[in-house]
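Scroll down for the structure; my scribbles are underneath it.
In this note's numbering, the protein residues as written are 294 to 582.
Pasting the structure below:
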């Protein structure tokens, strides 16, 4: 194992090292994530920026998740991805003139702790995704999840997984609707805040939780897999209507069924990675019934 970096090096030198590493079989974005703790936030929260190299704190904590554009300049994500952090970056959003991936500082504009939602504001020009306003989504509907699961392990590129809506989750105490749908599309840490898409590309929910299969197996000797939970899009809309974001609502077209590669190509440009640094991370969201 190589020794940890102990000094900050000029940006050009760092990127040249990263490119050389990628040519020798290392994932460029994975290498980038290893360097991110050495790079500090810019002073101008509005200016698009490549991660700068000044005032870095290598011991600074970092968390990551996924978000998606809901209106020009606005990104929606899960609150637990950014809560307690001092700087938030979204990207990669294109490249700068010298070909380096561009990350943009974002402002946490508005939050809802009960719904675990956060609206970020950033200077970006990416297309927004439409949201389904219905209170109920058909059970058995095919859904897709796009996001950045476990980027330190799987690399810093978008992944798409597919499944169905298995059911709705009710609270055990009084059997009331919790607002969560159970989905079978595979998700991991890093998917939090990402969109759950219907077969026509409309957002029907947001990834927020997953069952802790290991703990359940210890308790019941029964291994449950791909039991994941998404907050319904009607509640996303409810939150967004209290914010400055101008959202687009769209009914599901059950007659339009895009193939996975078509759906990915249609929607992936609106999905971004979120890296949050500094401060203290939020408590993990509930993962067990």
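Note that beta-carbon positions come from the ideal geometry of N, C-alpha and C, so glycine has one too.
Other residues of its chain near residue i: CB distance less than 7 Å, five sequence neighbours each side excluded
i, result
"residue 572", "377, 378 and 379"
"residue 336", "Because residue 336 sits at a pLDDT of 31, beneath the cut-off of 50, its placement in the model cannot be relied upon, and the following sentence gives the value as read from the coordinates. If we look at residue 336 and ignore the five residues flanking it on each side, it has no Cβ neighbours."
"residue 531", "none"
"residue 408", "524, 528 and 532"
"residue 472", "524, 525 and 528"
"residue 387", "395"
C-beta atoms of residue i and residue j nearer than 8 Å
i, j, result
"residue 489", "residue 503", "no"
"residue 453", "residue 553", "yes"
"residue 424", "residue 413", "no"
"residue 564", "residue 451", "yes"
"residue 497", "residue 436", "yes"
"residue 446", "residue 567", "no"
Those residues which DSSP pairs with residue i across a bridge
i, result
"residue 394", "388"
"residue 276", "There is simply no residue 276 to check, as the chain begins at 294 and stops at 582 in what is shown."
"residue 380", "570"
"residue 356", "569"
"residue 364", "367"
"residue 400", "414"
"residue 489", "438 and 498"
Cut-off 6 Å between Cβ atoms - residues of its own chain near residue i, not counting five sequence neighbours on either side
i, result
"residue 481", "442 and 443"
"residue 434", "458"
"residue 486", "358, 359, 360, 370, 371 and 374"
"residue 495", "423, 425, 543 and 545"
"residue 538", "363, 364 and 367"
Where residue i falls, given that 16 or more other Cβ within 10 Å makes a residue buried
i, result
"residue 515", "exposed"
"residue 439", "buried"
"residue 300", "Reliability of the predicted coordinates at residue 300 is poor, the pLDDT of 32 falling under 50, and no value is obtained from them."
"residue 474", "buried"
"residue 429", "exposed"
"residue 556", "buried"
"residue 484", "buried"
"residue 586", "The requested residue 586 is not part of the displayed model; the chain covers only 294 to 582."
"residue 417", "buried"
"residue 561", "exposed"
"residue 400", "exposed"
"residue 541", "exposed"
"residue 305", "Annotation note: pLDDT 44 at residue 305 (below 50); position unreliable, coordinate value reported separately. By the 10 Å Cβ count, residue 305 comes out exposed."
"residue 507", "exposed"
"residue 548", "exposed"
May I have a chain-ordered list of the beta strand (DSSP E) segments no shorter than 3 residues that lie completely inside the segment 499-567?
-> 521-525
Go through the segment 402-458 residue by residue and report every complete run of the alpha helix (DSSP H) that reaches 4 residues or more, in order.
-> 444-447
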